[in-house]
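Chains as they are written, first to last, in the numbering used here: chain A, 1 to 227; chain B, 1001 to 1227.
We put the beta carbon where it would ideally sit given N, CA and C, even for glycine.
Just so you know, these numbers come straight off a predicted model, no measurement behind them.
Below is one structure, written out as structure tokens; comments come after it.
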DNA sequence: CCTGAAACCTACTCGTCCGTAGGTAGAAGG
DNA sequence: CCTTCTACCTACGGACGAGTAGGTTTCAGG
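What follows is the structure, given as structure tokens:
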């Protein structure tokens, strides 16, 4: 049963210029790269709201105003599109933060870095949601894509710790702590939207800075209670 | 076409005592509550690895050594089981942390709280994974179930801030920052497993304590650079 | 006007998975 | 031995979603 009924394709209306059905004018064709971009936008939108598993390619297609095969043509499949979306976002945040901490004293860099991240959270909430969500193959190990960011920050910290004479083995703790702080507060901020991000960044930077600055060479436990 | 072939059910082997096929002995029947418990265990296991969307009820059934309808009998469905699993875990962590911070001075409570959480991460990695993952209806607002914990900690902080004369509006920032720190570091620890949790807790508590203790009444930004 | 390639479509196939219908097996009490 | 209640099962219905086959429309360049 191949091609059972004869009217394949989209004839739109009966004859070329007829406006009988008042059908909305078909959107103009896009170039490959333009269509790619529009699909990425739609994908980011849907992935951010539904999460990877729960999004259907069809919903993305619908939002991008194309049919499914177009997506498969451009990205090979759901996972391919997801990979591109994630990569773009990751690249964007890292670039922004890198710019922010390129110069200045330690504390200034800390505050500017936090502010850069929170600005991203504010201006690109969908991207942030995707990065904060689980990766597709959750079993692998990463809870969120942002773990990667934690590693990068930890590397920076390791260098600084060594230079300052602290125990370098503790650096990843502080690196991940910082990223976790900013991420979680950023997440909260998206719902609260209360103090402006500049203020939030200042608080976070103060917390982290004071905590780091006053750190003893080897932190000592306060000791466990009797109970 | 109802009951097409006559051999419904499980006859096991031909006659009662025959051991011809060497079939493994059927597991004994369990009471309703015991079966419930075993299903909850299986559910936690699978949900933790696959995430909510990607887990199939059948995989849970298989792991619990029962057939699907048993799960539907006990929990009404996938979402019902998930709700029970999450509720149990949430209850467990909150209880542990509450016990840990029930007495002692501020800093001691801080360190004991962090240690309690990290102990949970270490001893109940599956539960932690579930709490750190997305909720089913991701669109609602919560990134992770732990946001709820952030709110609770924020409430504690708000009270303390008021008492100490700090700006109470900033309390949620510090509350969420603390939870984010511990969560993210805990996540990292599950893969690194390097410094013992007691040491990690000490570091985190030191960071948070020093940061909080030396906090000015109103943190001032370091100011933006010229660039 | 013609041609060919690029963009785009409809209409499937195939697999998976939630949830259920309707039955069997075993234990406790008469 | 018979009844009955509870635990448990096999087998399906129905929906949905990833990915594909094979066609049609538009447009640039001759």
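Close beta carbons around residue i, own chain, < 7 angstroms, minus the five adjacent residues each side
{"i": "residue 1112 of chain B", "result": "1100, 1101, 1104"}
{"i": "residue 126 of chain A", "result": "44, 45, 48"}
{"i": "residue 1204 of chain B", "result": "1114, 1181, 1182, 1185"}
{"i": "residue 1119 of chain B", "result": "1197"}
{"i": "residue 79 of chain A", "result": "136"}
{"i": "residue 145 of chain A", "result": "86, 90, 131, 135"}
{"i": "residue 55 of chain A", "result": "46, 47"}
{"i": "residue 109 of chain A", "result": "101"}
Chain A within 8 angstroms of residue i, Cβ atoms only
{"i": "residue 1184 of chain B", "result": "yes"}
{"i": "residue 1041 of chain B", "result": "no"}
{"i": "residue 1147 of chain B", "result": "yes"}
{"i": "residue 1106 of chain B", "result": "no"}
{"i": "residue 1177 of chain B", "result": "yes"}
{"i": "residue 1164 of chain B", "result": "no"}
{"i": "residue 1090 of chain B", "result": "no"}
{"i": "residue 1204 of chain B", "result": "yes"}
{"i": "residue 1159 of chain B", "result": "no"}
{"i": "residue 1133 of chain B", "result": "yes"}
{"i": "residue 1150 of chain B", "result": "yes"}
{"i": "residue 1113 of chain B", "result": "no"}
{"i": "residue 948 of chain B", "result": "What is shown of chain B runs 1001 to 1227, which leaves residue 948 of chain B out entirely."}
{"i": "residue 1116 of chain B", "result": "no"}
{"i": "residue 1086 of chain B", "result": "no"}
Residue nearest to residue i in terms of C-alpha spacing, selected from the options
{"i": "residue 1124 of chain B", "options": "B:1092, B:1074, B:1029", "result": "B:1092"}
{"i": "residue 1053 of chain B", "options": "A:68, A:85, A:136, A:204", "result": "A:136"}
{"i": "residue 198 of chain A", "options": "B:1173, B:1057, B:1042", "result": "B:1173"}
{"i": "residue 1085 of chain B", "options": "B:1178, B:1182, B:1128, B:1167", "result": "B:1128"}
{"i": "residue 1051 of chain B", "options": "A:38, A:133, A:69", "result": "A:133"}
{"i": "residue 1071 of chain B", "options": "B:1200, B:1038, B:1187, B:1164", "result": "B:1038"}
{"i": "residue 1027 of chain B", "options": "B:1069, B:1147, B:1077, B:1064", "result": "B:1064"}
{"i": "residue 166 of chain A", "options": "A:176, A:213, A:189, A:190", "result": "A:213"}
{"i": "residue 122 of chain A", "options": "A:69, A:193, A:34", "result": "A:193"}
Chain B contact for residue i (CB, 8 angstroms cutoff)
{"i": "residue 207 of chain A", "result": "yes"}
{"i": "residue 293 of chain A", "result": "Lying outside 1 to 227, the shown extent of chain A, residue 293 of chain A is not represented and no answer is given."}
{"i": "residue 174 of chain A", "result": "yes"}
{"i": "residue 53 of chain A", "result": "yes"}
{"i": "residue 195 of chain A", "result": "yes"}
{"i": "residue 80 of chain A", "result": "no"}
{"i": "residue 27 of chain A", "result": "no"}
{"i": "residue 77 of chain A", "result": "no"}
{"i": "residue 170 of chain A", "result": "yes"}
{"i": "residue 37 of chain A", "result": "no"}
{"i": "residue 83 of chain A", "result": "no"}
{"i": "residue 66 of chain A", "result": "no"}
{"i": "residue 32 of chain A", "result": "no"}
{"i": "residue 94 of chain A", "result": "no"}
{"i": "residue 211 of chain A", "result": "yes"}
{"i": "residue 228 of chain A", "result": "The question about residue 228 of chain A has no answer here: the residues shown for chain A are numbered 1 through 227."}
Cβ-Cβ distance between residue i and residue j below 8 angstroms
{"i": "residue 178 of chain A", "j": "residue 159 of chain A", "result": "no"}
{"i": "residue 187 of chain A", "j": "residue 1147 of chain B", "result": "yes"}
{"i": "residue 116 of chain A", "j": "residue 130 of chain A", "result": "no"}
{"i": "residue 1074 of chain B", "j": "residue 1029 of chain B", "result": "no"}
{"i": "residue 40 of chain A", "j": "residue 107 of chain A", "result": "no"}
{"i": "residue 1060 of chain B", "j": "residue 1083 of chain B", "result": "no"}
Near the ligand ADP: residue i beta-carbon under 7 angstroms from a heavy atom
{"i": "residue 1110 of chain B", "result": "No copy of the ligand ADP occurs in the structure displayed, which carries no ligand at all."}
Neighbourhood of residue i by C-beta, 6 angstroms cutoff - its chain only, sequence neighbours within 5 removed
{"i": "residue 1161 of chain B", "result": "1168, 1171"}
{"i": "residue 1157 of chain B", "result": "1171, 1174, 1175"}
Beta-carbon contacts of residue i that lie in its chain and below 8 angstroms, excluding the five residues immediately before and after
{"i": "residue 1202 of chain B", "result": "1111"}
{"i": "residue 1076 of chain B", "result": "none"}
{"i": "residue 1032 of chain B", "result": "1074"}
{"i": "residue 1094 of chain B", "result": "1149, 1152"}
{"i": "residue 1058 of chain B", "result": "1068"}
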